[in-house]
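Data first, discussion second: the structure below is written as structure tokens.
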Amino acid sequence: MDMQDFKKLTEVYGSPLFIVDESKIMHQFNQIRTEFSKLYPNTEIAYAYKANYLLGICNLINELGGLAEVVSGFEYMIAKSIGVEGEKIIVNGPYKPKDELIIMIQDGCIINVDNIEELELINDIASDEGMVVEIGLRINATIGKIPWSKFGFDVEGNDAFDAVCKLKDQFGNIDLKGIHIHIGTNIIYPGLYRQAVTIVLGFIKKIRDELGIDIDYIDMGGGYPVKDACPANINFKDWSVPDIKYYAKAICEPLNDFYKDDDNRPLLILEPGRYLVDESMSLVTSVTSVKSIHCIRSIFVDAGVNILPSAYYRKHKIEAYTDCKEKELTDIYGALCMNVDLLEAGVVLPKVKIGDILNISNAGAYEQSHSMQFSRLRPAVVSIKDDDEIVMIRRKERVEDIIRLERSVYE
């Protein structure tokens, strides 16, 4: 798309504006499914809704054959609203309220348990329902510089094994069917996944040999990176992301070796979020003013960190659409009345003028789901379909959307 295309879209839908390219989601989904299935055919892709739970995106991935991975009751309801069957919904997270668990259990969801209290609660619910609930157990281990130790049962401290023993001996309404692990986010070292799956397989061997428990699925979580999701403290030229095939090798080779003599191999589940959607969305924003701040050319736009919260911790590639060819070091400030509303510092851009357009790429992951209603209404989202048709999948926010949950002061 060129400047005139962006101009036309903002004239119709307003500026700022999010644009979804559905073909990029399809490409990423097919890429990860193909690379893993080549090495381990019994693989399913479950989209992590928390990355971006726009209905249009969730529905597209559902139509592609993806499962839904949710971490809350309202994400579960989003999945149900687009017709996802319970057995195709994976429920994760450290807190699952009883009322939500009852519904999810009755619906046949795949529930990965985080803590011992949750195990007890599920067993009580299952007992009340007169049923046996099949669950997965989330485990954690020291992997990488900053291990994700908040979630699940510790393998190294034996908490995970003790939980399985308790499950087998005391919880007659629970049947352990899966092991789940998620080691972090935006991980650029495939070797960490090899380390993780090796730990998972070691744990599976232990509970099989000592407790006679066989596992039906292994859920390796997400964390798969994208090439332009560069952290703020790293230069783009120093940020290198391996192809997804190397992650497939890191996970699938140990699996194939472990199960080389087993015809009944467990299902492998992956939970990509950022990998599927980050590159699919861009944020189009218009220049509203230009000034010099500490001798640095500074431009102001009508978007802000309220709708691009990742600007706090990562870089974005930015294109300027203007007639001017001369370039200059530029800071880009947002529209919010807060000094930290800085979208990008020290980027080389053409000398844009008021009314020119900036296109901020890789705005698909953790922008919509982390956005906030601070000072400005959130913008519309349009989607470019496979046949190039443009459809609005979210309208621009209105004041009544913000205040409608509040009680009138006159009541």
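With the working numbering applied, the sequence shown covers -2 to 408. All residues carry an ideal CB built from backbone N, CA and C; glycine is no exception.
Three or more pairs of CB atoms, one per stretch, sit closer than 8 Å, so the stretch 103 to 115 contacts the stretch 79 to 95. Cβ atoms of V281 and I29 stay farther apart than 8 Å, at about 28 Å. A contact between stretches requires three or more CB pairs, one per stretch, nearer than 8 Å, and the stretch 319 to 327 fails this requirement with the stretch 23 to 39. Secondary structure of F148 (DSSP, three-state): coil. Boundaries cannot be given for A360, as no beta strand (DSSP E) includes it and DSSP labels it neither H nor E. Taking each of D259, N232, L164, I185 in turn and checking the Cα distance to I204, the smallest one comes out for L164. The Cβ-Cβ distance between P228 and K93 does not fall below 9 Å. Following the DSSP letters along the chain, one finds T282 inside the beta strand (DSSP E) bounded by residues 278 to 290. The Cβ atoms of V287 and L355 do not sit closer than 9 Å to each other. Look at the stretch 80 to 151 and you find these whole runs of alpha helix (DSSP H), each 4 residues long or longer: 95 to 103, 113 to 126.
In this structure, DSSP gives H177 an extended state, which the three-state scheme calls strand. With respect to the 9 Å criterion, I132 and L173 are classified as neighbours on the basis of their beta carbons. Where V379 is concerned, there is no enclosing alpha helix (DSSP H), although the beta strand (DSSP E) around it starts and stops at 378 to 381. According to the DSSP assignment, E341 belongs to the beta strand (DSSP E) that extends over 339 to 347. By the beta-carbon neighbour count (other beta carbons within 10 angstroms, threshold 16), I290 is exposed.
Residue environment for C249: buried (at least 16 other C-beta atoms within 10 angstroms of its C-beta). For K324, the uninterrupted beta strand (DSSP E) segment begins and ends at 324 to 330. By the neighbour-count criterion, in which a residue is buried when 16 or more other Cβ atoms sit within 10 angstroms of its Cβ, Q1 is exposed. Per the Cβ contact rule, the stretch 172 to 192 is in contact with the stretch 238 to 247 (3 or more Cβ pairs under 8 Å). The C-alpha of R375 lies about 26 Å from the C-alpha of G343.
Distances from the alpha-carbon of I212 to those of D235, L264, K224 put L264 closest. Minimum Cα-Cα distance from E8 among the listed residues I22, K382, G352 corresponds to G352.
In the structure shown, the three-state DSSP call for T319 is coil. Nearest in C-alpha terms to Y190, of all of E66, I315, T139, K35, is T139. Bridge pairing for N356: V281, E316 [DSSP].
Note on Q365: 16 or more other CB atoms within 10 angstroms of its CB, so buried under the neighbour-count rule. Annotation: K234 to Q192 spans about 28 Å, alpha carbon to alpha carbon. The three-state secondary structure of D18, taken from DSSP, is strand. Cβ atoms of F26 and I58 come within 8 Å of each other, at about 6 Å. Rounded to the nearest whole angstrom, the C-alpha separation of D151 and K246 is 26 Å. Taking C-beta atoms as the reference points, G270 and Y44 count as a pair closer than 9 Å. Rounded to the nearest angstrom, the Cβ distance from A377 to N49 is 15 Å, too far for a contact under 8 Å.
D383 is positioned such that its CB atom lies closer than 9 Å to that of S20.
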